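Contents: one structure, followed by commentary.
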């Protein structure tokens, strides 16, 4: 072969498609091996937070202790996804009682803000930013509820690592720098935001050291004075003063009256396993509805990269989301037919509405029988067999932009998810919890703990929850492969905020799906559209009963890390 031909072959080989993770073992899309450890495991969306969780476990802390410490750390290093200005949900497997416990740590709307006020402003939807979408932050009370029931180490110990990092600083990762800089233009006009996050006039770039001494101050107050520092003490008073000064409605009284709620997780069976989610006001049961519809199909024989599978999945999602738009809401204000929505009979009726050859352009909610019940996700497990599935968020990225002076965090904009049409399940009302997107998940097998997992990312979450289980139980993937596999995302369904699907929505597929599959989907009437960054962020811990070992996995699309010891 002459030199010119060698050069041509070399050049062509450089242009040839190389699977990003060409590995000796596993599927071509697997980014890394699963993590295996016997004594404890943590999987979070940021390596520093994972290391903090492991540090707590090694000090004798429980899985809940490690989760709280990691969440506090994430509020510092990943303010684009979470913080103590937001809400929290958790599912805990308690090894002592051999039972799952659910915590709804979401806050309620201000009692002084009425639906009439939005009408007077001429609004048909609640804005994404500013004072109007702010609801009570529930995360801190959630920490202390979890700690009071399942914690072992003092809160001072749990918050110490995050306090040190907030004071001394940490290097910002590439992904978080990207999202922080994207937030700057939207949120910098709001009082306190620039002073907290843009002290030198700009957001940090990759590798730059970012400090948040104000957040360190807030964490110290919590460590020393407990949850009341946030809801009845100095932090509550500062939030109250700030909101009054800037046209807001969230008040000291709203904060002082807040309490988290312990709830019973609900389950459905799928391929011999039980998926547990929390009941509304969250959207977790949408994942269960999707799976109950899919259970009637031979998904395994379809294969991951097939138009038949993608079409069936998307149509099942449309049906579940039509119900989500109609029924999901704060159960203290609306009668949500949870048992009916998750019943075998109802799943069969909804399944019969799927045309195997044609995409539905519109979908009506069903008629179930009445029964009687942006974001970070992390999971931890300790040496005693306790496991925690925890998710926490400010909603849209960094939240509302409203940043109380001297406290180091942004208040959430979760209230944007209310409907302003009177008489709907999710219609705005004072003192009501909005429809919520963030959902932790847990899977048991024959009544024993098997998998703690979650996938952050708005309406992506129930779709991804269902896909993770399909990948594990139908396609036989391991825990890391199940998260790395290319994902399906459907957008444009009817929404709890009032929007109605009339055009079939849009299907986005990650790059692992073939051209043949895409072409077939278009022939079935689906509209395909490229999407970047909306496929969620996955963390998981599985208990291997046979080998008495934890198996960890973390999202390759984010900065996440699973680690154990």
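Residue numbers (mature numbering (1 follows the signal peptide of the UniProt record, and there is no 0)): -20 to -1, 1 to 545.
Note that beta-carbon positions come from the ideal geometry of N, C-alpha and C, so glycine has one too.
Since this is a predicted model, take the numbers as computed values, not measurements.
Would residue i and residue j be called neighbours here (beta carbons separated by less than 8 Å)?
i	j	result
residue 349	residue 323	yes
residue 448	residue 69	no
residue 134	residue 66	no
residue 450	residue 471	no
residue 553	residue 517	Any answer about residue 553 is impossible in this case: the structure gives the chain only from -20 up to 545.
residue 544	residue 15	yes
residue 89	residue 402	no
residue 317	residue 406	no
residue 326	residue 98	no
residue 386	residue 170	no
residue 521	residue 432	yes
residue 258	residue 374	no
residue 48	residue 395	no
residue 71	residue 82	yes
residue 251	residue 80	no
residue 556	residue 283	As shown, the chain starts at -20 and ends at 545. That puts residue 556 outside it, with no answer to give.
Taking residue i as part of the alpha helix (DSSP H), name the residues at either end of that continuous run.
i	result
residue 224	214 to 225
residue 75	No alpha helix (DSSP H) contains residue 75, which DSSP labels as neither H nor E.
residue 24	Counting along the chain, residue 24 falls outside any alpha helix (DSSP H), though it belongs to the beta strand (DSSP E) covering 21 to 24.
residue 31	27 to 38
residue 55	43 to 57
residue 143	135 to 148
residue 9	Neither: residue 9 is in no alpha helix (DSSP H) and is coded neither H nor E.
residue 160	154 to 167
residue 200	193 to 205
residue 120	119 to 130
residue 209	208 to 211
residue 175	173 to 177
Just to confirm the assignment, what range does the beta strand (DSSP E) spanning residue i have?
i	result
residue 250	246 to 250
residue 530	529 to 534
residue 517	517 to 524
residue 16	15 to 17
residue 305	Premise fails: residue 305 lies in the alpha helix (DSSP H), 287 to 307, not in any beta strand (DSSP E).
residue 544	541 to 544
For residue i, does the count of other Cβ atoms within 10 angstroms reach 16, so buried, or fall short, so exposed?
i	result
residue 189	exposed
residue 21	buried
residue 151	exposed
residue 224	exposed
residue 242	exposed
residue 266	buried
residue 198	buried
residue 426	exposed
residue 548	In this structure the chain extends from -20 to 545, so residue 548 is not present and cannot be described.
residue 231	buried
residue 8	exposed
residue 294	buried
residue 496	exposed
residue 533	buried
residue 93	buried
residue 352	Note on residue 352: pLDDT 36, under 50, position unreliable in the model; the coordinate value appears next. Answer is exposed; the Cβ neighbour count stays below 16.
residue 457	buried
residue 330	buried
residue 336	exposed
residue 300	buried
residue 129	exposed
Assuming residue i contacts residue j under a Cβ cut-off of 8 Å, what Cβ separation, rounded to an integer in Å, is found between them?
i	j	result
residue 264	residue 419	4 Å
residue 124	residue 207	4 Å
residue 215	residue 58	Actually they do not touch by this definition, with Cβ atoms about 21 Å apart.
residue 310	residue 114	Actually they do not touch by this definition, with Cβ atoms about 17 Å apart.
residue 163	residue 436	Not a contact, Cβ separation roughly 16 Å.
residue 271	residue 446	5 Å
residue 46	residue 524	That belief does not hold up - the Cβ atoms of residue 46 and residue 524 are roughly 20 Å apart, past 8 Å.
residue 481	residue 474	5 Å
residue 367	residue 119	No, residue 367 and residue 119 are not in contact; Cβ-Cβ is about 20 Å, not under 8 Å.
Between residue i and the ligand SAM, is the CB less than 7 Å from at least one heavy atom?
i	result
residue 459	Looking at this structure, you won't find the ligand SAM or any other ligand, since it has none at all.
Tell me the start and end of each unbroken alpha helix (DSSP H) in the region 322 to 390 that is at least 4 residues and wholly inside, in chain order.
-> 324 to 331
Complete alpha helix (DSSP H) runs within the region 466 to 509 (minimum length 4 residues, chain order) = 495 to 503
Can you list the alpha helix (DSSP H) stretches of 4 or more residues lying completely in the region 237 to 282, in chain order?
-> Within the region 237 to 282, the complete alpha helix (DSSP H) runs of at least 4 residues are 264 to 274, 279 to 282.
Any beta strand (DSSP E) of 3 or more consecutive residues that is wholly inside the region 411 to 470 = 421 to 425, 428 to 436
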